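Enquirer: Before I ask anything, here is the structure I am working with.
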Amino acid sequence: MQTSSFISSSMPLSITNRSGSLNEMEFVNLFTQKPKYDCLLFDLDDTLYPLSSGLAEACRQNFKDYMEEMLCIDPRKSDNLCTLLYKNYGTTLAGLKAIGYDFDYDELHSFVHGRLPYVNLKPDPVLRKMLMSLPYRKLIFTNADKVHALKTLNILGLEDCFEGIICFETLNPIHRSSVSVDEDDIEFLGLTRTTKPTSSNSASSSQIFDIIDHLAQTNPSGILPKSPIVCKPSENAIQLALKIANLDPHRTLFFEDSVRNIQAGKRVGLDTVLIGTSQKVQGADYALESIHNLPEAIPDLWEADLKSEVVYTGKLAVETTVTA
Ligand SMILES: [Mg+2]
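Going by the UniProt record's numbering, the first residue of the sequence shown is number 1, and it counts up by one from there.
Take a look at the structure:
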């Protein structure tokens, strides 16, 4: 008989502690099991609140209005252009930049998000309680700008549920004019104003790549112009976000309403939860109608907390006799 603080699963053990006997194999498993995830990574829009809020629809309309009013794009083409840019570049903003439009990012974000029907969003204390009870690092990862992300989280009452926000400014820091020395905890980057104002928002038609015409060709030749903007669903954008937040993709659970973002996340090694539908798609490990369904869909997320408590209790066994 010997007293030892080292427990190897190869040793047949008989263990007792102050609270009584524990099944030996169960104890060993609990002692050695690590929670499956280190971090929960959440998209914001249409993931932490429902699509039915109407913000996404309003956002698209506002983008079209911006394109017509500020970039002088033909209203007969703006809808199609919006769709093609979103589809090919991840965001309309990234696409507009790629095809040659020059505009101020803050101005566009302010125009598009500043007139969203935020009144449709309501505080969500149930979601808040759920998030607070999850024993992991929790981060926001959104293509939107910092102002929109903070405003939305504040309205939902979730502003203190997350360690940080990875947003437009975080992934595109080159567009910041200076670096703040007064960064608060909620963000990694992107705390200062972004781009310098440009002299003109519009560009002459000769400078603009006609993506509508290009893609209308039977066999489009050549590749599309690249965008300087980093955003989902680019795998590079997801990998950059993981690097910034120091996350292991294989120990991170990613929540998204966008199928293409889910699939990009899966390609870089994330476990994925598609939000907004219960129909699983390729690349989604789980599919939930609502983020509120999480406790029923993945109860193991909370069991990790229970197990870590049992592991703590197990430490008491170090003070007791281990018979090997
Ligand atoms: Mg979304």
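C-beta: ideal position from N, C-alpha, C; glycine also.
Everything numeric in this text was worked out from a predicted model, so none of it was measured.
1) Give me the pocket residues for ligand 1, defined as CB within less than 6 Å of any heavy atom, sorted by chain position.
2) Cα separation between C82 and P50?
3) Going by DSSP, what residues sit across from D271 in a beta bridge?
4) In terms of residue numbering, what span does the beta strand (DSSP E) encompassing M137 cover?
5) Who are the Cβ neighbours of N62 in its own chain at under 8 Å, not counting the five residues just before and after it?
6) May I have the straight-line CA-CA distance separating L108 from C59, to the nearest angstrom?
7) Between the segment 155-163 and the segment 259-266, do three or more beta carbon pairs fall short of 8 Å?
8) Please confirm whether D46 has its beta-carbon closer than 8 Å to some beta-carbon of chain C.
9) Nearest CA to the CA of I212: which residue from M70, G54, R76, D45?
10) Quick one: is K243 buried, meaning 16 or more other Cβ sit within 10 Å of its Cβ, or exposed?
11) Have a look at K138 and P228 and give me their C-alpha separation to the nearest angstrom.
12) What does the Cβ neighbour count give for L215, buried or exposed, with the cut at 16 atoms within 10 Å?
13) Cutting at 6 Å between CB atoms, please list the residues of its own chain near D46, excluding the five before and the five after it.
14) At which residue ranges does the segment 32-105 contain complete beta strand (DSSP E) runs of 3 or more residues, listed in the order of the chain?
15) Kindly indicate the opening and closing residues of the alpha helix (DSSP H) around L240.
16) Is the Cβ-Cβ distance between I298 and I275 less than 8 Å?
17) Under the three-state reduction of DSSP, which class applies to G114: helix, strand or coil?
18) First and last residue of the beta strand (DSSP E) that includes S288?
19) Given this structure, state the Cα-to-Cα distance separating D300 from G265, to the nearest angstrom.
20) With burial defined as no fewer than 16 other Cβ atoms inside 10 Å of the residue's Cβ, what is the status of V179: buried or exposed?
21) Does the Cβ of M67 have 16 or more other Cβ atoms within 10 Å, making it buried, or fewer, making it exposed?
22) In this structure, does DSSP put L294 in helix, strand or coil?
23) Identify which residue in T272, N236, L288, I208 has its Cα closest to the Cα of K97.
24) My understanding is that L171 touches V230, with C-beta atoms under 8 Å, so please give their C-beta distance in whole angstroms.
25) With the cut-off set at 8 Å, would you say D38 and L247 are in Cβ contact?
26) Nearest by alpha-carbon distance to D43: which of P220, F162, E303 is it?
27) Within the same chain, show all residues whose beta-carbon is closer than 8 Å to that of E296, passing over the 5 residues directly before and after it, in chain order.
28) Assess contact between the segment 230-240 and the segment 85-97, defined as three or more Cβ pairs (one per stretch) separated by less than 8 Å. Is contact present?
29) Just to confirm, are I165 and K151 a CB contact at a threshold of 8 Å?
30) Work out the CA separation of A241 and S125 for me, nearest whole Å.
31) Using the C-alpha atoms, what's the distance from L121 back to N80?
32) When you compare only the Cα positions, how much space is there between T142 and P220?
33) Please report the residue range of the alpha helix (DSSP H) in which P125 lies.
Expert: By the coordinates alone:
1) D43, D45, D46, T47, D257, S258
2) 22 Å
3) L253
4) According to the sequence displayed, residue 137 carries Arg and not Met. First-last of the beta strand (DSSP E) with R137: 137-141.
5) F111, V112, H113, R115, L116
6) 11 Å
7) no
8) Of the chains in the structure shown, none is chain C; there is only one protein chain.
9) R76
10) exposed
11) Approximately 28 Å between the Cα atoms of the pair.
12) exposed
13) A56, D257
14) 39-42
15) 235-244
16) no
17) Per DSSP, reduced to three states, the secondary structure at G114 is helical.
18) The displayed chain sequence assigns Leu, not Ser, to residue 288. Element bounds for L288: 286-288.
19) Cα to Cα, the separation comes out at about 21 Å.
20) With a pLDDT of only 39 at V179, under 50, the local geometry of the prediction cannot be trusted, and the value read off the model is given with reservation. Exposed: under 16 other Cβ atoms inside 10 Å.
21) By the 16-neighbour rule on beta-carbons within 10 angstroms, M67 is buried.
22) helix
23) I208
24) 4 Å
25) yes
26) F162
27) none
28) yes
29) Taking 8 Å as the Cβ cut-off, I165 and K151 do not qualify as a contacting pair.
30) The sequence as given places Pro at residue 125; Ser does not occur at that position. For P125 and A241, the distance between alpha carbons rounds to 28 Å.
31) 29 Å
32) 32 Å
33) Element bounds for P125: 125-133.
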